[in-house]
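*Asks:* Counting from 1 along the sequence shown, just add 4 to a position and that's the residue number in the numbering used here. The beta-carbon is built from N, C-alpha and C at its ideal position, and this holds for glycine as well. Keep in mind that this is a model prediction, so the values were computed, not measured.
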Amino acid sequence: MIIQFILVLNLLGHQNASGIINVNSEVSNGIYSIEKIADLAQKREIKVVIFTDHFLERFEYGIPPFRKLIKKSIRMKCIRSYGIKRYLQDIEEASASFRNMVLIPGCKVRSLYYWTGSPLGNLTLHNIQKKFLLVGLSADALKRLPVIGNRRLEYDQYHGDVGCGPYQDVIDYTVDNGGLIFWVLPGAE
5 MIIQFILVLN LLGHQNASGI INVNSEVSNG IYSIEKIADL AQKREIKVVI
55 FTDHFLERFE YGIPPFRKLI KKSIRMKCIR SYGIKRYLQD IEEASASFRN
105 MVLIPGCKVR SLYYWTGSPL GNLTLHNIQK KFLLVGLSAD ALKRLPVIGN
155 RRLEYDQYHG DVGCGPYQDV IDYTVDNGGL IFWVLPGAE
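Below is the structure:
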């Protein structure tokens with residue numbers, strides 16, 4: 005399979021190109037628009053930009069036994085609040101303006117975070133840095149991502165470290181939907 009891929013690239017006139025990955029725009033925690041990032045990359049002769057804004061940046065803690073009624077939520081800018089279709093469309097429009105470049109949409113996701121301790125003094129949030137970069141998913145696939153806060157899952161933020169299940173679910177889902185997946189910070193806590 006790899007040899008076939010290399011042959012196809014050679015037949016198509018394969019070229020080396022400089023590129024950057026893990027790029028955040030103002031859609032999440034970056035400071036520049038998608039268009040401005042493409043412009044800056046072009047000026048630096050970067051030919052490929054893989055945008056990976058945060059997909060969902062929301063943390064919730066609910067007081068038992070009324071977790072769904074009495075809760076504190078922290079929300080930050082992300083693709084989900086910006087709009088999945090709007091995000092993909094913005095990258096597509098920038099691609100039309102920068103035809104000599106390849107602009108690829110992706111996102112950063114957190115499969116699961118969880119809380120330990122008590123809100124009375126030692127409440128601790130875990131796994132906020134355990135993230136994946138996903139590339140190549142459609143808008144429909146992104147809407148159904150099996151990550152905490154995006155849809156109802158068998159895992160939640162109140163039952164501690166549940167092992168590799170939530171991570172494997174995201175890996176399998178991404179591969180099954182034709183995407184690529186990368187660990188952002190292997191070994192992060």
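Who pairs with Tyr65 in a beta bridge, going by DSSP?
*Replies:* Sequence index remark: in the sequence shown, residue 65 carries index 61 (1-based). The partner list for Tyr65 (beta bridge, DSSP) reads Lys76.
*Asks:* By Cβ distance below 6 Å, which residues in the same chain neighbour Asn181 in space, the five residues on each side in sequence not counted?
*Replies:* Here the question's residue 181 lines up with position 177 in the sequence shown. Leu141, Ala145.
*Asks:* Which runs of the alpha helix (DSSP H), 4 residues or longer, sit entirely within the region 91 to 150?
*Replies:* 143 to 147, all fully within the region 91 to 150.
*Asks:* Relative to the C-alpha of Gln93, which candidate in Gly110, Ile78, Arg79 has its C-alpha closest?
*Replies:* Stepping through the sequence shown from its first residue, residue 93 is reached at position 89. It is Gly110 whose Cα lies nearest to the Cα of Gln93.
*Asks:* Check Ile25 in the structure and name its three-state DSSP category.
*Replies:* Reading the sequence shown from its first residue, position 21 is the one you call residue 25. The answer is strand: DSSP assigns Ile25 an E or B state.
*Asks:* Tell me which same chain residues have a C-beta within less than 7 Å of the C-beta of Gln46, skipping the five on either side of it?
*Replies:* As a first step, residue 46 is located in the sequence shown; it is residue number 42 there, counting from the start. If we look at Gln46 and ignore the five residues flanking it on each side, its Cβ neighbours are Phe102, Met105.
*Asks:* Are the Cβ atoms of Leu184 and Val139 separated by less than 7 Å?
*Replies:* Translated into positions along the sequence shown, residue 184 becomes position 180. Translated into positions along the sequence shown, residue 139 becomes position 135. Result yes, Cβ atoms of Leu184 and Val139 sit closer than 7 Å.
*Asks:* Going by C-alpha distance, which of Ile108, Gln133, Gly125, Pro123 is nearest Leu116?
*Replies:* As a first step, residue 116 is located in the sequence shown; it is residue number 112 there, counting from the start. Checking every option, the nearest Cα to that of Leu116 belongs to Gln133.
*Asks:* Enumerate, from N- to C-terminal direction, the unbroken beta strand (DSSP E) stretches of 3 or more residues contained entirely within the region 146 to 187.
*Replies:* Listed in chain order, they are 184 to 187.
*Asks:* Less than 6 Å between C-beta atoms, sequence neighbours within five positions excluded: which residues of the same chain meet that for Thr128?
*Replies:* For the purposes of this step, residue 128 is taken as the residue at position 124 of the sequence shown. So the list reads Thr120, Gly121, once near-sequence residues are dropped.
*Asks:* Does DSSP put Ile54 in a helix, a strand or coil?
*Replies:* By 1-based counting over the sequence shown, the position of residue 54 is 50. Looking at Ile54 - three-state DSSP - the assignment turns out to be strand.
*Asks:* So what does DSSP say about Tyr86, is it helix, strand or coil?
*Replies:* By one-based count along the sequence shown, residue 86 stands at place 82. Tyr86: helix per DSSP, three-state reduction.
*Asks:* Specify the secondary structure class of Lys40 as computed by DSSP and reduced to three states.
*Replies:* As a working mapping, residue 40 is identified with position 36 in the sequence shown. Helix.
*Asks:* When the Cα atoms are used, what is the spatial distance from Lys75 to Ile54?
*Replies:* In the sequence shown, the residue the question calls residue 75 occupies position 71. In the sequence shown, the residue the question calls residue 54 occupies position 50. Distance between the alpha carbons of Lys75 and Ile54: 36 Å.
*Asks:* Would the C-beta of Val27 count as close to the ligand NAD, meaning under 6 Å from any of its heavy atoms?
*Replies:* The ligand NAD is absent from the structure shown, which contains no ligands of any kind.
*Asks:* For Arg84 and Gly164, what's the separation of their Cα atoms in angstroms?
*Replies:* Residue numbering aside, residue 84 sits at position 80 when the sequence shown is read from its first letter. Residue numbering aside, residue 164 sits at position 160 when the sequence shown is read from its first letter. Each residue's Cα considered, the two are about 25 Å apart.
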